[in-house]
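The structure under discussion appears below in the form of structure tokens.
2 protein chains.
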Amino acid sequence: MIAPGAGPSGEDALIARYFKPLATDPGAFGLLDDAAILKPSRDDLVLKTDAIVEGVHFLPDDPPDTVARKALRRNLSDLAAKGAMPAGFLLTLALRSVDEAWLTPFARGLGEDAGQYGCPLFGGETVSTPGPIMVSISAFGHVPSGRMVRRSGAGPGDRVVVSGTIGDAALGLDIIRGGAAASVLADDASAREMLVGRYRVPQPRNLLAKAVLDHASAAMDVSDGLAGDLAKLCAASAVSAAIDVASIPLSASAALVLAHRALGIEALVSGGDDYEILCTIPEGRFDAFAEAAGLAGVAVSSIGTVISGASGPKFLDAHGRDLRLAHRSYSHF
Amino acid sequence: MIAPGAGPSGEDALIARYFKPLATDPGAFGLLDDAAILKPSRDDLVLKTDAIVEGVHFLPDDPPDTVARKALRRNLSDLAAKGAMPAGFLLTLALRSVDEAWLTPFARGLGEDAGQYGCPLFGGETVSTPGPIMVSISAFGHVPSGRMVRRSGAGPGDRVVVSGTIGDAALGLDIIRGGAAASVLADDASAREMLVGRYRVPQPRNLLAKAVLDHASAAMDVSDGLAGDLAKLCAASAVSAAIDVASIPLSASAALVLAHRALGIEALVSGGDDYEILCTIPEGRFDAFAEAAGLAGVAVSSIGTVISGASGPKFLDAHGRDLRLAHRSYSHF
Numbered sequence: 004m005i006a007p008g009a010g011p012s013g014e015d016a017l018i019a020r021y022f023k024p025l026a027t028d029p030g031a032f033g034l035l036d037d038a039a040i041l042k043p044s045r046d047d048l049v050l051k052t053d054a055i056v057e058g059v060h061f062l063p064d065d066p067p068d069t070v071a072r073k074a075l076r077r078n079l080s081d082l083a084a085k086g087a088m089p090a091g092f093l094l095t096l097a098l099r100s101v102d103e104a105w106l107t108p109f110a111r112g113l114g115e116d117a118g119q120y121g122c123p124l125f126g127g128e129t130v131s132t133p134g135p136i137m138v139s140i141s142a143f144g145h146v147p148s149g150r151m152v153r154r155s156g157a158g159p160g161d162r163v164v165v166s167g168t169i170g171d172a173a174l175g176l177d178i179i180r181g182g183a184a185a186s187v188l189a190d191d192a193s194a195r196e197m198l199v200g201r202y203r204v205p206q207p208r209n210l211l212a213k214a215v216l217d218h219a220s221a222a223m224d225v226s227d228g229l230a231g232d233l234a235k236l237c238a239a240s241a242v243s244a245a246i247d248v249a250s251i252p253l254s255a256s257a258a259l260v261l262a263h264r265a266l267g268i269e270a271l272v273s274g275g276d277d278y279e280i281l282c283t284i285p286e287g288r289f290d291a292f293a294e295a296a297g298l299a300g301v302a303v304s305s306i307g308t309v310i311s312g313a314s315g316p317k318f319l320d321a322h323g324r325d326l327r328l329a330h331r332s333y334s335h336f
Numbered sequence: 004m005i006a007p008g009a010g011p012s013g014e015d016a017l018i019a020r021y022f023k024p025l026a027t028d029p030g031a032f033g034l035l036d037d038a039a040i041l042k043p044s045r046d047d048l049v050l051k052t053d054a055i056v057e058g059v060h061f062l063p064d065d066p067p068d069t070v071a072r073k074a075l076r077r078n079l080s081d082l083a084a085k086g087a088m089p090a091g092f093l094l095t096l097a098l099r100s101v102d103e104a105w106l107t108p109f110a111r112g113l114g115e116d117a118g119q120y121g122c123p124l125f126g127g128e129t130v131s132t133p134g135p136i137m138v139s140i141s142a143f144g145h146v147p148s149g150r151m152v153r154r155s156g157a158g159p160g161d162r163v164v165v166s167g168t169i170g171d172a173a174l175g176l177d178i179i180r181g182g183a184a185a186s187v188l189a190d191d192a193s194a195r196e197m198l199v200g201r202y203r204v205p206q207p208r209n210l211l212a213k214a215v216l217d218h219a220s221a222a223m224d225v226s227d228g229l230a231g232d233l234a235k236l237c238a239a240s241a242v243s244a245a246i247d248v249a250s251i252p253l254s255a256s257a258a259l260v261l262a263h264r265a266l267g268i269e270a271l272v273s274g275g276d277d278y279e280i281l282c283t284i285p286e287g288r289f290d291a292f293a294e295a296a297g298l299a300g301v302a303v304s305s306i307g308t309v310i311s312g313a314s315g316p317k318f319l320d321a322h323g324r325d326l327r328l329a330h331r332s333y334s335h336f
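So the sequence lines, in the order shown, correspond to chains E and Y. All the letters of the first sequence, read from the start, carry residue numbers 4 to 336 under the numbering used here. All the letters of the second sequence, read from the start, carry residue numbers 4 to 336 under the numbering used here.
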């Protein structure tokens, strides 16, 4: 961690100028020391790390403030799915050069999100790289001790629930790339903008974290595609699931693209970057969960049921036929 | 964080295969969940993040196990300088491809160090990059609440102390690059090997952490060069320092290179990668500190005195003349 100091180092000046204002917790020491501290708590501390790479997780032309928001929000989404409240984060930023026109909006977007989500910066490091920009964040959250919501608690009979809508970010990326969705929505700039926004700036469901903590038997965030992430949750819980594809929540724009057969449902449930919460809720808890979600202002949809079995989850169409998805999720390797 | 799951993802298999064995703490859940937990403690949790980039902080030809060790040990060195005991770490690894011949020794080296230093892996993520390999680590340590050793506590009259020897890593890098030190030591393979080893595999002074915690008024690790790092400590403490250059501890090999005038003392005190501890010790505490260091098996040297003043620290030669160092530390930008 490079902190502002007396030395002539450009890194120090960079951190001081751009990132010190984000270090609002007293334990960050204004980024003036080599390390920060989190004070003791009776809670467990949830630890998560996640990175995004230019050209892989974001596009070189993406606005810098959206790159910052995406980097932090991906981590916030994980904390939410684990039932945790954000506590703070550490930042590592690999840059080819110190570009003020990029760093200024990057730091502004990051600072706004840190404030909005109550997740201040505890330490930052910049490193130079000859390669793509990389933003690596480690985030911390609090949960009551022993109560982090795991992937592994789902039981047969539990409802499978997702927040928000699925597939919008995949369509947003398709639109940026001038794909089929762009053609369908050629006359609807606001729909295109909404979908691109869903790709560039996730809306992590931190408002749902308490309801997940109180009611979910298992949870994770949907970041690599609903189908693949559900398969992971089922495997961790040693169960399967039957999903009613017609119940998967779609935005009006996504439904329109599907209706035009420009893309199939498979593209939506295997596309990444949704940052919705996927969770399983015991039947007797569902009403209370739905009420808590409503009070939190987060839409949730019941999309199927946990069943016993070791095979992957089934995605059933209106006729009860399994779609047998070929590609369940995105993998970088 | 990509964890092993049922999906077909190559990332999942990679994490499971190489890094799950390093996740020995129960709070890491065997890397099978999206996040890990640290149990509550009465201590403050010290937070630190640090990254190394291929071609910048390590060389493409460096043995992979040394790359792993350097990435972790840089963080361990910071924890030691803050008086903290290691608790664990998070890893983000950016790779161009899954290269078994690189990953196997990388994971082995990382695992050996995690075991040796009592600093287990709590979570790992791999991301693909078209650019250089990057290893980003966030490390956590425990200190008694309120007692993290800051940069800012040095007071006039305190002794300035460093552990180990200074400048060996800078000479090691010079040797790898075929510089002047390589010529001086052309006939001494073991000296060259020692110096290159000091560059590639830092020896963080975690055994000294308790003595630093108990006795130091200020501390930081020497990673960007003794002169620049001391200037930072002095600035944070609003003091200056007078350093007796002849007291700066050098290895026999470094002394030989200096004697041949192949490189000057400036190269040694402004070179990076020492990973020694720089601290200030109140005069009345020095004997107890030195005794504790001796019991820990770590050599420490008193190299000067904290003085009042706002100018940068003075490096005084045998005639009391200030060397007026032009370059105090290494900066990436």
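Ideal Cβ placement from N, Cα and C applies to all residues, glycine included. These figures come from a predicted structure and were not determined experimentally.
Cβ of residue i within 8 angstroms of Cβ of residue j?
i               : j               : result
P123 of chain E : D68 of chain E  : no
S80 of chain E  : Y278 of chain E : yes
M151 of chain Y : D47 of chain Y  : yes
F92 of chain E  : F143 of chain E : yes
I280 of chain Y : V130 of chain Y : no
A84 of chain E  : D276 of chain E : no
I169 of chain Y : L253 of chain Y : yes
S148 of chain E : P29 of chain Y  : no
S304 of chain E : S250 of chain E : yes
R72 of chain E  : G126 of chain E : no
Could you give the C-beta distance for residue i and residue j, rounded to a whole number, given that I count them as a contact under 8 angstroms?
i               : j               : result
G307 of chain E : A245 of chain E : 5 angstroms
V248 of chain Y : V146 of chain Y : Actually they are not in contact, since the Cβ atoms of V248 of chain Y and V146 of chain Y sit about 33 angstroms apart, beyond 8 angstroms.
A295 of chain Y : H218 of chain Y : 7 angstroms
Please confirm if residue i has its CB atom under 8 angstroms from at least one CB of chain E.
i               : result
F125 of chain Y : yes
K42 of chain Y  : yes
K213 of chain Y : no
G158 of chain Y : no
E279 of chain Y : no
H335 of chain Y : Legend: pLDDT at H335 of chain Y = 49, less than 50; position of this residue unreliable, value from coordinates given subsequently. Yes, H335 of chain Y counts as interfacial toward chain E.
A74 of chain Y  : no
R208 of chain Y : no
T107 of chain Y : no
D53 of chain Y  : yes
K23 of chain Y  : no
D102 of chain Y : no
L176 of chain Y : no
D276 of chain Y : no
R2 of chain Y   : No answer is possible for residue 2 of chain Y: it lies beyond the span of chain Y, which begins at 4 and ends at 336.
Just reading off the alpha helix (DSSP H) that residue i is part of, what are its end residues?
i               : result
P108 of chain Y : 103-119
H218 of chain E : 212-218
R76 of chain E  : 67-84
G231 of chain Y : 229-240
V130 of chain Y : Here V130 of chain Y belongs to no alpha helix (DSSP H); instead the beta strand (DSSP E) covers 124-131.
M197 of chain E : 192-203
L176 of chain E : 171-179
Give the DSSP bridge partners of residue i, in chain order.
i               : result
I140 of chain Y : Y:D53, Y:L94
S304 of chain E : E:V165
L41 of chain E  : Y:L48
H145 of chain E : E:L48, E:M88
F61 of chain E  : E:E57
I246 of chain Y : Y:G307, Y:F318
D325 of chain E : E:L319
Would the C-beta of residue i count as close to the ligand NAD, meaning under 7 angstroms from any of its heavy atoms?
i              : result
M88 of chain Y : The ligand NAD is absent from the structure shown, which contains no ligands of any kind.
Contact criterion: CB-CB distance below 8 angstroms. Does residue i meet it with respect to chain Y?
i               : result
M350 of chain E : Given that chain E is displayed from residue 4 to residue 336, the structure contains no residue 350 of chain E and the question cannot be resolved.
V130 of chain E : yes
D64 of chain E  : no
R20 of chain E  : no
R327 of chain E : no
R154 of chain E : yes
K317 of chain E : no
S139 of chain E : yes
D37 of chain E  : yes
Taking Cβ positions only, does residue i come closer than 8 angstroms to chain C?
i               : result
G134 of chain Y : As a matter of chain content, chain C is missing from the structure shown, whose protein chains are E and Y.
Could you give the residue range of the beta strand (DSSP E) that holds residue i?
i               : result
E279 of chain E : 279-284
S100 of chain Y : Unbroken run through S100 of chain Y: none, as it is neither H nor E.
A221 of chain Y : 221-225
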